[in-house]
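Everything on this sheet refers to the single structure shown next.
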Amino acid sequence: MPDRTSPKSTISTTLYTSPSSIEYTARIAKILARRFSIPVYVGCSIDPHGMGLEVAEEMEGLTKIVNVIMEKWEEHKQEKAENTK
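Residue numbers (the working numbering): 33 to 117.
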């Protein structure tokens with residue numbers, strides 16, 4: 033959830049824990065909350081450490097996930113705007 037007092041900060045609460053993927057999930061949720069400026073709920077079963085990924089590979093995957101979500105969000109906003117005309 034975005035922090036209203038500090039735009040660069042986010043508030044994060046874990047609803048269900050899966051220790052192997054909690055850090056990755058929290059990271060994605062915080063990035064999306066900051067970009068959307070609305071609360072987000074993220075479910076993720078990706079365990080980059082269990083997959084044996086290097087840090088660079090993990091960051092590349094994270095970036096791709098966030099970019100795809102942002103693209104879909106923009107498409108959704110455009111469709112919604114067109115339907116309200």
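By construction, the Cβ of each residue, glycine as well, lies at the ideal position given by its N, Cα and C atoms.
Predicted, not measured: the structure shown is a model, and the values here were computed from it.
8 angstroms Cβ shell around residue i - same chain, five flanking residues per side excluded
| i | result |
| --- | --- |
| Glu89 | Pro80 |
8 angstroms contact criterion, which residue i and residue j should meet: CB distance rounded
| i | j | result |
| --- | --- | --- |
| Arg67 | Met102 | 6 angstroms |
| Ile60 | Val98 | 7 angstroms |
| Ile70 | Ser53 | The pair is not a contact, with the Cβ atoms about 23 angstroms apart (cut-off 8 angstroms). |
Given residue i as reference, the closest of the options once Cα atoms are compared
| i | options | result |
| --- | --- | --- |
| Thr95 | Ile54, Ile63, Arg36 | Ile63 |
| Gly75 | Val87, Met83, Ala65, Ala58 | Ala58 |
| Gly82 | Tyr56, Trp105, Ala113 | Tyr56 |
Any C-beta of chain C under 9 angstroms from that of residue i
| i | result |
| --- | --- |
| Gly75 | Here chain C cannot be found, since the structure has a single protein chain. |
DSSP state of residue i mapped onto helix, strand, coil
| i | result |
| --- | --- |
| Thr37 | coil |
| Thr116 | coil |
| Gly93 | helix |
| Ile81 | Sequence check: residue 81 is His here, not Ile. His81 falls in the coil class under three-state DSSP. |
Beta-carbon contacts of residue i that lie in its chain and below 7 angstroms, excluding the five residues immediately before and after
| i | result |
| --- | --- |
| Ser41 | Asp35 |
| Val72 | Ala61, Leu64, Ala65 |
Beta-carbon proximity list for residue i, same chain, < 6 angstroms, skipping 5 on both sides
| i | result |
| --- | --- |
| Gly84 | none |
| Pro39 | none |
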